[in-house]
Amino acid sequence: MDPEPRQEPTQESSSKLSFDALDVLKRHWGWLVLLLWGGGILSLGLLRFDPYGIEESAARGLLLVWSIGDRVLNPLVTLGIPDFRVLLFLPLGFYWPGSIIAAKVYTLLLAFGAVALLYKWCVRESSTEVAQIACALLLISPLLLNQIDAVGAGIYLLLMFTVAEWLDRRYRKIRRPLGGWFFMQLLWTGHAITIHPMGLAYPLALGWHWNRSPLDERQQRHVFIGLALVIGVVLGVRGGWEHVSWLADPILPLAQSFQAIIGVTGEPSLFLGWLLALLGIALILIDRRFLLENFLGSILLGALLIGAFAADVPWALMLYTFVLVRGVHYLIRINQSLGGYGLIRQRGLVIVAFFTLATTSMLADKARHLAIEENQLGPQDHLLRWLVQDAEDNDLRLSVASQWPGRTLLATRQDTFPLPPAQGLDGEAFLKSIEGITHLVFDPFTPGNKPLADLLSTIPDRAKTAQLNPAGVVVVIVPPPPAATEATGTAQDDAVVDDEPVRSIPAANGAENDGSDLRNPS
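Here it is, written out as structure tokens:
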């Protein structure tokens, strides 16, 4: 029997195949972008995979979930209750305990999820063009990469806010009083509040919109009561935000926006800081009606206003995100209002702005790769690395009291405790209270640490400055000399330390310090 003749592909079948391929690409292009973006970040070495550079609150959360995975809760006793970001860290504790790489890749995935939800919001509220330009610039921005590398609060706040907008739409669509979506919103609200003061913008925006457009009086009452209970309980349990500096200079984190690694590479650009600040203020004034009427817009507005009183890198990320998503929207409108035909007349300003920001971001990302290759560290991380190297070189068993116990424990993997109280103690009483501690690590220039710095300066024979830089100090606690023998009157222990100060060790900035007075490090 003769085989059936082979059918040649017709124009109709070829068109159908092309349409199917485009349809698949359209439905799955987000996954393709994730693979290209995430793979590029990891393969180009834009993230550190050592324990340095991680935020203190994130370090405490990671230590807790890792200890849960190992069925030990020691960090909860010594480091206290971390923010509720720890709930999102749970998979890291059960599947990848102890892995810094897993923590950063996980944060990278959550960052992409937050940007994807932001993209959907921009498409609904503005246009696909605005969403593509703004989100593309955000994905390659140094601010976003710095926050991913630090497992920073900015990534998780952006995720909180974009998911909050989706939760509110779902709850209003289902209209079921006291259902699962209602309690999910309350849980998500409490989660956001614990991360950063900007998290308060979520419940405030939720209350504002339920006051303006409630589904009915009963559900409105439920929301108001639930929000009051959540805010009261969370703030009562947490007692505020331990790692936030209030009334900090808001221009500095904006000026660091395009540093390859914040606090390590380059100098802050005050011009850039003021430019971003003025753009943010102008957009808030121009866009105030939209921001008050749109739920996610209200959250961003509240976050920027609250965060201005506790300005830091997460706040700078929020402002930069806001300037991108709303600035691109108005830039396109301004460009179109100029009139004319052709690409340059219709999109000339947009093209110039896009390539300027994209080029600046790519140059910063290239510098970031080089800085990581050269193992450049910030001042605080220099102190922690000195501790690690000192322990390895001298085969020491450390017992450290640190202002940053989470980060110190991650770096040293040895016994670490919070700083001891020093108020109202004399030198002998303080030394007795820290018996067994070998090192103290803290910033003596922080007002809260002044009593400790003053106290240590009164016992220079027992507290030696081993490392000092603008970010802090490492103090070695010298053990007391053993009693002299009756026969020779000399010490019997090789660890006897003479009365001279410990020989100074070059600080991170190249300066030396004799260690005799923490109050005057210069």
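Its first residue numbered 11, the sequence shown is counted upward by one per residue in my numbering. Using N, Cα and C, we set each Cβ at its ideal position, and we do this for glycine too.
**Study point:** CB of residue 410 within 9 Å of CB of residue 397, strictly
**Key:** The residue given as residue 410 occupies position 400 in the sequence shown. The residue given as residue 397 occupies position 387 in the sequence shown. Yes. Within cutoff.
Review point. DSSP three-state call for residue 487: helix, strand or coil?
Key: Here residue 487 corresponds to residue number 477 of the sequence shown, with the count starting at 1. Strand, per DSSP.
Exercise for review: For residue 371, count neighbouring Cβ atoms within 10 angstroms of its own Cβ and tell me buried if that reaches 16, exposed if not.
Suggested key: The residue given as residue 371 occupies position 361 in the sequence shown. Under a 10 Å Cβ-count criterion, residue 371 is classified as buried, with 16 or more other Cβ atoms of the shown protein chains found around its own Cβ.
Practice item. May I ask you to report which of helix, strand or coil DSSP gives residue 349? Key: For the purposes of this step, residue 349 is taken as residue 339 along the sequence shown, with counting starting at 1. Looking at residue 349 - three-state DSSP - the assignment turns out to be coil, as it is neither helix nor strand.
Exercise for review: Grab the span of the alpha helix (DSSP H) containing residue 206 for me, first residue to last.
Suggested key: The count along the sequence shown starts at 1 and reaches residue 206 at position 196. First-last for residue 206: undefined, no H or E at that position.
**Study point:** Of the listed residues 434, 107, 388 and 103, nearest to residue 275 (C-alpha basis)
**Key:** What you label residue 275 is simply residue 265 of the sequence shown in a count that begins at 1. Nearest of 434, 107, 388 and 103 to residue 275, Cα basis: 388.
**Study point:** the segment 288 to 300 in contact with the segment 229 to 247 per 3-pair CB rule at 8 Å
**Key:** Touching, no.
**Study point:** Residue closest to residue 117, alpha-carbon to alpha-carbon, out of 157, 381 and 97
**Key:** Counted from its first residue, the sequence shown places residue 117 at position 107. Ranking the options by Cα distance to residue 117, first place goes to 157.
Exercise for review: Would you check if the segment 217 to 224 and the segment 251 to 268 touch, i.e. whether three or more CB-CB distances between them fall below 8 Å?
Suggested key: Verdict: no, contact absent.
**Study point:** Of the residues 77, 489, 460 and 490, the one placed nearest residue 483, counting alpha carbons only
**Key:** Within the sequence shown, residue 483 is the residue found at index 473, counting from 1. Of the residues 77, 489, 460 and 490, the one whose Cα lies closest to the Cα of residue 483 is 460.
**Study point:** First through last residue of the beta strand (DSSP E) which encompasses residue 451
**Key:** To locate residue 451, count along the sequence shown from 1; it is residue 441. The continuous beta strand (DSSP E) containing residue 451 extends over residues 449 to 452.
Review point. On the three-state DSSP scale, how would you describe residue 427?
Key: Start at 1 with the first residue of the sequence shown, and residue 427 comes out as number 417. The three-state reading of DSSP puts residue 427 in strand, counting E and B together.
Check your understanding: Mind checking residue 330: buried by the 16 CB within 10 Å criterion, or exposed?
Key -> Along the sequence shown, read from residue 1 onward, the residue named residue 330 stands at position 320. Burial state of residue 330 is buried, judged by a 10 Å Cβ sphere holding 16 or more other Cβ atoms.
Check your understanding: Residues in its own chain within less than 6 Å of residue 178 by CB, not counting five upstream and five downstream?
Key -> Residue mapping note: residue 178 aligns to position 168 of the sequence shown, counting from 1. Taken in chain order, the residues that qualify are 305.
Point to revise | Per-residue DSSP class, three states only, for residue 478 | key: Reading the sequence shown from its first residue, position 468 is the one you call residue 478. Residue 478 falls in the strand class under three-state DSSP.
Point to revise | Whether residue 325 touches residue 63 by CB criterion (9 Å) | key: As a first step, residue 325 is located in the sequence shown; it is residue number 315 there, counting from the start. As a first step, residue 63 is located in the sequence shown; it is residue number 53 there, counting from the start. No, Cβ-Cβ distance for residue 325 and residue 63 is not below 9 Å.
Exercise for review: Give me the Cα-Cα distance between residue 96 and residue 357, rounded to the nearest whole angstrom.
Suggested key: Counting from one through the sequence shown, the residue named residue 96 turns up at place 86. Counting from one through the sequence shown, the residue named residue 357 turns up at place 347. Each residue's Cα considered, the two are about 44 Å apart.
Check your understanding: According to DSSP, which residues form a beta bridge with residue 411?
Key -> In the sequence shown, residue 411 corresponds to position 401, counting from 1. The partner list for residue 411 (beta bridge, DSSP) reads 427 and 450.
Check your understanding: Which of helix, strand or coil does DSSP assign to residue 473?
Key -> Sequence index remark: in the sequence shown, residue 473 carries index 463 (1-based). Note: residue 473 maps to strand in three-state DSSP.
Check your understanding: For the candidate residues 291, 485, 188 and 73, whose alpha-carbon lies nearest to that of residue 61?
Key -> Locating residue 61 in the sequence shown gives position 51, where the first residue counts as 1. Among 291, 485, 188 and 73, the Cα nearest to that of residue 61 belongs to 73.
Practice item. Measure the Cβ-Cβ separation of residue 124 and residue 169 and say whether it is below 9 Å. Key: Start at 1 with the first residue of the sequence shown, and residue 124 comes out as number 114. Start at 1 with the first residue of the sequence shown, and residue 169 comes out as number 159. Going by C-beta atoms, residue 124 is nearer than 9 Å to residue 169.
Review point. What do you get for residue 190, buried or exposed, if any count of 16 or more other CB atoms within 10 angstroms of its CB means buried?
Key: Taking the sequence shown and counting its residues from 1, the one referred to as residue 190 is at position 180. Burial check for residue 190: the Cβ neighbour count within 10 Å stays below 16, so the residue is exposed.
Exercise for review: Would you kindly report the start and end of the unbroken alpha helix (DSSP H) that includes residue 220?
Suggested key: If you number the sequence shown from 1, residue 220 lands on position 210. From DSSP, the alpha helix (DSSP H) with residue 220 extends over 211 to 222.
Practice item. Enumerate in chain order the residues of its own chain whose CB-to-CB distance from residue 360 is below 8 Å, with the five nearest sequence positions on each side excluded. Key: As a position in the sequence shown, residue 360 is number 350, starting the count at 1. Taken in chain order, the residues that qualify are 143, 338, 341, 342 and 345.
Point to revise | Neighbour-count burial assignment, residue 385, 16 or more Cβ in a 10 Å radius | key: Start at 1 with the first residue of the sequence shown, and residue 385 comes out as number 375. By the neighbour-count definition (other C-beta atoms within 10 Å, threshold 16), residue 385 is an exposed residue.
Point to revise | Rounded straight-line distance, which links the Cα of residue 203 to that of residue 242 | key: Mapped onto the sequence shown, residue 242 falls at position 232. Mapped onto the sequence shown, residue 203 falls at position 193. Near 11 Å, if we compare the C-alpha coordinates of residue 203 and residue 242.
Exercise for review: Taking only the alpha-carbon atoms, compute the straight-line gap between residue 245 and residue 318 and give it to the nearest angstrom.
Suggested key: The residue you call residue 245 lines up with position 235 of the sequence shown. The residue you call residue 318 lines up with position 308 of the sequence shown. Spanning the alpha carbons of residue 245 and residue 318 requires a straight line of approximately 20 Å.
**Study point:** Continuous alpha helix (DSSP H) stretch holding residue 135: start and end
**Key:** The residue you call residue 135 lines up with position 125 of the sequence shown. Counted as a single uninterrupted DSSP element, the alpha helix (DSSP H) harbouring residue 135 occupies residues 110 to 135.
Point to revise | 6 Å CB neighbourhood of residue 150 in its chain, flanking five on each side removed | key: Locating residue 150 in the sequence shown gives position 140, counting from the first residue. Answer for residue 150: 371, listed in chain order.
Review point. What did DSSP end up calling residue 509 once you bin it into helix, strand or coil?
Key: As a working note, residue 509 is residue 499 in the sequence shown. Any answer about residue 509 is weak, because its pLDDT of 37 lies below 50 and its placement is not dependable; what the coordinates show is given next. Three-state result, residue 509: coil.
Review point. Between 42, 148, 159 and 146, which lies nearest to residue 382 when the distance is taken from Cα to Cα?
Key: Within the sequence shown, residue 382 is the residue found at index 372, counting from 1. Closest by C-alpha distance to residue 382, out of 42, 148, 159 and 146, is 159.
Review point. Since residue 314 and residue 290 are thought to touch, with beta carbons under 8 Å apart, how far apart are those beta carbons, to the nearest angstrom?
Key: Taking the sequence shown and counting its residues from 1, the one referred to as residue 314 is at position 304. Taking the sequence shown and counting its residues from 1, the one referred to as residue 290 is at position 280. For a cut-off of 8 Å, the C-beta gap from residue 314 to residue 290 is around 7 Å, short enough to register as a contact.
Check your understanding: In terms of alpha-carbon separation, which member of 78, 256 and 404 lies closest to residue 106?
Key -> Counting from 1 along the sequence shown, the entry for residue 106 is found at position 96. Here the closest residue by C-alpha is 78.
Review point. Hey, how far is the Cα of residue 286 from the Cα of residue 333?
Key: Position 276 of the sequence shown, counted from the first residue, corresponds to residue 286. Position 323 of the sequence shown, counted from the first residue, corresponds to residue 333. A direct Cα-to-Cα measurement between residue 286 and residue 333 gives close to 8 Å.
Review point. Would the beta-carbon of residue 451 fall within 9 Å of that of residue 394?
Key: Locating residue 451 in the sequence shown gives position 441, counting from the first residue. Locating residue 394 in the sequence shown gives position 384, counting from the first residue. Cβ atoms of residue 451 and residue 394: closer than 9 Å.
**Study point:** Reduced DSSP category for residue 279 - H, G, I as helix; E, B as strand; rest coil
**Key:** The residue given as residue 279 occupies position 269 in the sequence shown. The answer is coil: DSSP assigns residue 279 none of H, G, I, E or B.
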